[in-house]
Amino acid sequence: MKELVEYIAKSLVDDPSQVRVTEVDEGASTILELEVAQEDMGRVIGKNGRVANAMRVLVRVLAAKQGKRITLEII
């Protein structure tokens, strides 16, 4: 899951070396924290948050298929 988010984010940004994805376990759920360079934040979020929401939906669907609960936060 972490690799998927990292791959998508690196494909969107101008500076892929600044992309970092960390996993934080919180009991029954896991939080994926995505960090990108400040100037690339708009590319990852997209107009009206469409890109960010699409990434969140993909993560939720794949997690549900595995019987997990994962959320994506963009920092």
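Residue numbers (our numbering): 7 to 81.
Glycine included, C-beta positions come from ideal geometry on N, C-alpha and C.
Is the distance from the Cβ of Glu41 to the Cβ of Val25 below 9 Å?
Residue 41 sits at position 35 when you count from the first residue of the sequence shown. Residue 25 sits at position 19 when you count from the first residue of the sequence shown. Val25 is positioned such that its CB atom lies closer than 9 Å to that of Glu41.
Where do the N-terminal and C-terminal ends of the beta strand (DSSP E) with Val27 fall, by residue?
On the sequence shown, position 21 is the one that residue 27 refers to. Unbroken beta strand (DSSP E) run through Val27: Arg26 to Glu32.
Below 8 Å, is the gap between the Cβ of Leu64 and the nearest heavy atom of the ligand GTP?
The ligand GTP is not part of this structure, which contains no ligands at all.
Outcome for Leu68 when other beta-carbon atoms lying within 10 angstroms are tallied against a minimum of 16
Working through the sequence shown from its first residue, we reach residue 68 at position 62. Exposed: under 16 other Cβ atoms inside 10 Å.
Assign Val63 to one of two classes, buried (16 or more other C-beta atoms within 10 Å of its C-beta) or exposed (fewer than that).
Locating residue 63 in the sequence shown gives position 57, counting from the first residue. Per the 10 Å Cβ criterion, exposed.
At the level of alpha carbons, what is the spacing between Gly48 and Asp20?
Locating residue 48 in the sequence shown gives position 42, where the first residue counts as 1. Locating residue 20 in the sequence shown gives position 14, where the first residue counts as 1. Separation of Gly48 and Asp20 (C-alpha to C-alpha, rounded to the nearest whole angstrom) is 11 Å.
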